[in-house]
Amino acid sequence: NMFSNSATGYEFLDSLGLGPYNFLNLGGILDANYKSEKFNFLLGIRADYREFYGLVFNPRMGIVIKPNAKNRIRFTTSTGYRPPSSALIHSGVKAYEVGGVKFGLPAANNNLSAERLLSVDAGWALLLSKKNNLDFSVFYHINKNLITRTTSYIMVNGQDQEFYGYVNDENASARLFGF
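One point on numbering: in the working numbering, the residue at position 66 of the sequence shown is 62, and numbering is uninterrupted.
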């Protein structure tokens, strides 16, 4: 029975890349902020629950140092999490050949995992007046476990099959540095 309610309950639809679009995503943020005359300190955590990916925590922290009335020095760091969108999960195409005719059918990318981000930045601000200031910032971001477009070949029943879609490239990263 192709519509049986085993494993995912949607094997037939999944095989066509038309799996369920009903899922549960929850998120929340908890921040603590301490302020004094000479510094501000921020500590926070974001929790995300994704039905297909589980519970993930992303901490963040920052400090602003006020050496005098006109200068501010800041440091922050945080992590991030970007799960694949439904469009990426359900955008694969598997190539078939029947009787010499090639065609493609939708195929799900069910093995995608989330991309991870680390962000670090620092800055200095000079308060020139009540309405004007000079602000300099330097930052570094790195994304890992990138989702990339691919063409794969797999052996099914003794035949090569092409698959066009998205995969996680554990060896790829994107880095951004600037000021």
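Ideal Cβ placement from N, Cα and C applies to all residues, glycine included.
Item: Proximity of G24 and L38 at Cβ, strictly below 8 Å; Value: no
Item: Rounded C-alpha distance that separates N36 from Y77; Value: 26 Å
Item: 8 Å Cβ cutoff met for N105 and L84; Value: yes
Item: Selected residue, minimal CA-CA separation from T146, among D165, D156, K140, Y136; Value: D165
Item: Where A121 falls: helix, strand or coil (DSSP); Value: strand
Item: Limits of the alpha helix (DSSP H) - the one that L20 falls within; Value: No alpha helix (DSSP H) holds L20; DSSP gives it neither H nor E.
Item: Given D131 as reference, the closest of Y30, F175, A168 once Cα atoms are compared; Value: F175
Item: Outcome for A43 when other beta-carbon atoms lying within 10 angstroms are tallied against a minimum of 16; Value: exposed
Item: Distance, I41 Cα to T144 Cα; Value: 28 Å
Item: Exposed unless 16 or more other CB atoms sit within 10 angstroms - verdict on L26; Value: exposed
Item: Range covered by the beta strand (DSSP E) that runs through L39; Value: 35 to 46
Item: Other residues of its chain near L172: CB distance less than 6 Å, five sequence neighbours each side excluded; Value: H137
Item: CA-to-CA distance, R70 to L108, given in whole angstroms; Value: 36 Å
Item: Cβ neighbour criterion (16 or more within 10 Å) applied to T4; Value: With a pLDDT of 49 at T4, under the threshold of 50, the modelled position of that residue is not reliable, and no figure is offered here.
Item: Span of the beta strand (DSSP E) around S74; Value: 67 to 78
Item: S32 versus V52, K62, R56, F53, residue with shortest Cα-Cα distance; Value: K62
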